[in-house]
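In terms of our numbering, the sequence shown has 90 at position 83, counting the first letter as 1, and numbering is strictly consecutive.
Where a beta carbon is used, it is the ideal one built from N, C-alpha and C, also for glycine.
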Amino acid sequence: MNNNMFFGIHPVEELIKSEKEIEKIFVQTGLRSPQISEIVHYARQSGVTVQYVPLEKLNRLTRKNHQGIVAFTCPISYQLIDEVVPMIYDEGRMPFIVILDRVTDVRNFGAIARTCYAAGVDAIVIPSRGSALINGDAMKTSAGALSNINVCRVDNIKDTIDFLKSSGVKVVSISEKGKKNIWEADFKEPLAIIMGSEEDGISEAYLKRSDEHLLIPMPGDIDSLNVSVATGIICFEVVRQRL
Numbered sequence: 008m009n010n011n012m013f014f015g016i017h018p019v020e021e022l023i024k025s026e027k028e029i030e031k032i033f034v035q036t037g038l039r040s041p042q043i044s045e046i047v048h049y050a051r052q053s054g055v056t057v058q059y060v061p062l063e064k065l066n067r068l069t070r071k072n073h074q075g076i077v078a079f080t081c082p083i084s085y086q087l088i089d090e091v092v093p094m095i096y097d098e099g100r101m102p103f104i105v106i107l108d109r110v111t112d113v114r115n116f117g118a119i120a121r122t123c124y125a126a127g128v129d130a131i132v133i134p135s136r137g138s139a140l141i142n143g144d145a146m147k148t149s150a151g152a153l154s155n156i157n158v159c160r161v162d163n164i165k166d167t168i169d170f171l172k173s174s175g176v177k178v179v180s181i182s183e184k185g186k187k188n189i190w191e192a193d194f195k196e197p198l199a200i201i202m203g204s205e206e207d208g209i210s211e212a213y214l215k216r217s218d219e220h221l222l223i224p225m226p227g228d229i230d231s232l233n234v235s236v237a238t239g240i241i242c243f244e245v246v247r248q249r250l
């Protein structure tokens with residue numbers, strides 16, 4: 008059983024009243040219920056992401072009577088990026104941030120967290136909507152990294168990019184459409200790296216805000232890498248340059 012999953016109207020109501028951090032709530036599409044409407048109202052007031060999904064998805068999550076609603080608590084505590092960055096500077100260090108744009112695969116996310124922690128990344132930034140659930144699978148794949156690295160969940164990635172740039176952090180996007188090779192770039196300065204989903208890449212709005220758009224050279228016939236592999240390559244190029 009997933010200890011971070013709660014299902015049914017009454018358990019989810021009680022969960023919202025508690026002080027536990029809720030990762031996300033799934034509600035059955037088209038379901039009309041005054042109790043569920045009230046849960047959704049209070050959840051949104053509290054800043055909890057509510058997503059409407061088909062009945063089949065809820066049935067895959069649990070075979071028990073979920074009553075059209077399933078909630079997930081978060082096994083970690085999120086940090087605030089506008090507190091993390093000043094703290095890094097106060098410690099006399101150069102910030103090293105990884106921003107994930109719509110990376111939804113749980114195991115990819117866990118693998119990225121493991122790589123980031125090993126490479127000394129200070130924080131991983133994820134959007135409040137359209138990101139992988141931080142659940143037991145993510146925690147296991149991360150090999151404990153998610154319990155130790157700062158994870159910052161933000162409502163608006165564009166605002167976060169603007170904040171980082173105003174804080175003296177260079178923002179770099181990595182994709183196969185980059186204009187320059189990563190080996191030619193200078194990473195010996197405060198840095199944030201944006202990695203996009205394998206399906207959609209990096210949002211155009213984020214590319215426009217980036218200071219640089221780089222690529223990982225690939226002489227083979229395949230023109231893209233798994234996002235966790237690509238993140239590992241760029242993170243350890245940063246490590247190499249900073250040693």
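>> Using a Cβ-Cβ cutoff of less than 6 Å, which residues in the same chain neighbour residue 22 once the five nearest sequence positions on both sides are dropped?
In response: For the purposes of this step, residue 22 is identified with residue 15 of the sequence shown, where counting begins at 1. Around residue 22: 13, 78.
>> Looking at the secondary structure, which residues open and close the alpha helix (DSSP H) in which residue 247 lies?
In response: Start at 1 with the first residue of the sequence shown, and residue 247 comes out as number 240. Looking at the DSSP string, the run of the alpha helix (DSSP H) that includes residue 247 is 234 to 249.
> Going straight from the alpha carbon of residue 189 to that of residue 224, what length do you get?
Replying inline: The residue you call residue 189 lines up with position 182 of the sequence shown. The residue you call residue 224 lines up with position 217 of the sequence shown. Between residue 189 and residue 224, the C-alpha separation is close to 8 Å.
>> Applying the 10 Å Cβ sphere with the 16-neighbour rule, what's the burial state of residue 73?
In response: The residue you call residue 73 lines up with position 66 of the sequence shown. Buried.
> Is residue 101 helix, strand or coil when you go by DSSP?
Replying inline: Residue 101 sits at position 94 when you count from the first residue of the sequence shown. Looking at residue 101 - three-state DSSP - the assignment turns out to be coil, as it is neither helix nor strand.
> For residue 194, does the count of other Cβ atoms within 10 angstroms reach 16, so buried, or fall short, so exposed?
Replying inline: Here residue 194 is taken as the residue at index 187 of the sequence shown, counted from 1. Counting Cβ neighbours within 10 Å, residue 194 comes out buried, since at least 16 surround it.
> In chain order, what residues of the same chain have a beta carbon less than 7 Å from the beta carbon of residue 27, not counting five sequence neighbours either side?
Replying inline: Stepping through the sequence shown from its first residue, residue 27 is reached at position 20. If we look at residue 27 and ignore the five residues flanking it on each side, its Cβ neighbours are 80.
> Around the Cβ of residue 187, are there at least 16 other Cβ atoms within 10 angstroms (buried) or fewer (exposed)?
Replying inline: For this step, residue 187 is matched to residue 180 along the sequence shown. Classification of residue 187: exposed, given that the 10 Å Cβ count is below 16.
> When the distance is taken between beta carbons, is residue 222 closer than 8 Å to residue 196?
Replying inline: Sequence index remark: in the sequence shown, residue 196 carries index 189 (1-based). Sequence index remark: in the sequence shown, residue 222 carries index 215 (1-based). Their beta carbons are not under 8 Å apart, which means residue 196 does not touch residue 222 by this criterion.
> How long is the line joining the alpha carbons of residue 31 and residue 141, rounded to whole angstroms?
Replying inline: Mapped onto the sequence shown, residue 31 falls at position 24. Mapped onto the sequence shown, residue 141 falls at position 134. When rounded, the distance between both Cα atoms is 10 Å.
> Taking the C-alpha atoms as reference points, what is the distance between residue 39 and residue 76?
Replying inline: Taking the first residue of the sequence shown as position 1, residue 39 is located at position 32. Taking the first residue of the sequence shown as position 1, residue 76 is located at position 69. Computed Cα separation, rounded: 11 Å.
>> Checking 8 Å against the spacing of the C-beta atoms, do residue 149 and residue 125 come in under that value?
In response: Translated into the one-based positions of the sequence shown, residue 149 becomes position 142. Translated into the one-based positions of the sequence shown, residue 125 becomes position 118. No; because the gap between Cβ atoms is not below 8 Å, this pair is not in contact.
> In the region 125 to 150, which residue ranges form an unbroken alpha helix (DSSP H) of at least 4 residues, counting only runs that do not cross its ends?
Replying inline: 143 to 148
> When you compare each of 20, 36, 61, 53 to residue 42 by their alpha carbons, which one comes out closest?
Replying inline: Walking along the sequence shown from the start, residue 42 turns up at place 35. Taking only the C-alpha atoms, the option nearest residue 42 is 20.
> In the DSSP assignment, what residue or residues form a beta bridge with residue 57?
Replying inline: Within the sequence shown, the letter at position 50 stands for residue 57. Residue 57 pairs with 32.
>> I need the straight-line Cα distance from residue 98 to residue 134, nearest angstrom please.
In response: Mapped onto the sequence shown, residue 98 falls at position 91. Mapped onto the sequence shown, residue 134 falls at position 127. So the two alpha carbons sit approximately 26 Å from each other.
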